[in-house]
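In full-length UniProt numbering, the protein residues as written are 1 to 321.
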């Protein structure tokens with residue numbers, strides 16, 4: 001086995017890569033990680049130096065040392081254990097997560113799209129802005145602060161035109177369901193600003209948009225899409241908030257910005273990245289953030305951009321070395 005896809009059963013995006021690899025008849029295995037502890041057995045023998053997975057459903061043995069390329073997508077762990085206490089379930093989950101961490105370490109010499117630790121490093125939006133500014137991207141005036149005084153000063157400096165956004169992903173996990181905190185226009189005054197005491201917030205000057213631009217980088221290739229977000233009040237600030245599908249079109253990204261985007265992914269140790277920009281009313285681009293493991297399948301479907309071919313080619317290229 002030469003290519004490993006690390007994901008879960010519900011990950012539709014990985015289906016695109018599975019289809020491509022199958023059509024090219026390239027050797028691969030899709031590791032749906034929630035099956036570890038169920039239909040997938042782990043056997044790491046440190047005396048014999050054999051690190052094996054056994055898929056009981058397929059009657060297939062996977063030698064992790066034979067893996068040359070890894071596509072890391074959306075791993076999950078099995079939570080369907082019954083007759084255990086909450087504390088025992090937390091312990092089991094921790095053991096499964098650290099087993100996955102061990103698998104990543106065993107596969108460290110393989111080619112990754114992307115390495116787990118590079119993803120975690122790149123997810124920090126504070127670090128992203130530092131690197132983006134260093135590379136010459138235009139970024140909106142930004143402030144991360146836990147000082148009510150500084151937050152109010154920033155808000156007033158930009159004539160009350162500011163947004164607030166999560167420093168991390170905005171995903172809020174609950175006992176029953178998950179929620180998402182979207183980027184939102186914020187109003188600060190002397191009455192409410194003291195609520196900021198105790199934790200940092202991420203503020204930016206509101207840039208009035210012509211559209212949103214999503215640039216998907218795969219290796220040295222850039223796939224740029226324009227998301228026409230300004231015809232819908234729901235999506236004016238954060239296009240993800242729209243309850244209706246938004247029009248998309250292919251966008252011709254200037255060569256200088258293509259080079260900068262590729263430099264950004266390389267600087268962050270990534271072979272893939274989904275970069276979000278604002279295209280303002282004067283057609284200027286402003287960097288917002290990079291998602292090192294962002295979705296791309298919807299763009300491929302909408303615009304017939306062959307992103308899956310690019311990822312497949314990256315994974316296959318390393319088989320020749």
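For each residue, glycine too, the CB sits at the ideal point set by N, CA and C.
The Cβ atoms of residue 50 and residue 41 lie no closer than 7 Å to each other. The Cβ atoms of residue 202 and residue 144 lie closer than 7 Å to each other.
About 7 Å separates the beta carbons of residue 132 and residue 264, which is inside the 8 Å limit, making them a contact pair. Judged by DSSP secondary structure, residue 139 falls outside any beta strand (DSSP E); it is assigned neither H nor E. In this structure, residue 164 places its C-beta atom within 7 Å of the C-beta atom of residue 184. A residue is called buried once 16 or more other Cβ atoms fall within 10 Å of its Cβ, and residue 75 is buried on that count. Comparing C-alpha distances from residue 60 to each of 30, 16 and 87 shows the shortest one belongs to 30.
In chain order, 125 and 202 place their CB closer than 6 Å to the CB of residue 167, counting only its own chain and leaving out the 5 sequence neighbours on each side. Residue 112: member of the beta strand (DSSP E) spanning 111–113, first to last residue.
DSSP, read as helix, strand or coil, puts residue 202 in strand.
Taken through DSSP and simplified to helix, strand or coil, residue 52 comes out as strand. Under the 10 Å beta carbon count, residue 310 is surrounded by 16 or more other beta carbons and is classified as buried. Looking at 153, 134, 141 and 27, the one whose alpha-carbon comes closest to that of residue 67 is 27. Annotation: the continuous beta strand (DSSP E) that includes residue 45 extends over 40–45. In the DSSP assignment, the residues bridged to residue 287 are 277.
Rounded to whole angstroms, residue 212 and residue 301 show a C-alpha spacing of 18 Å.
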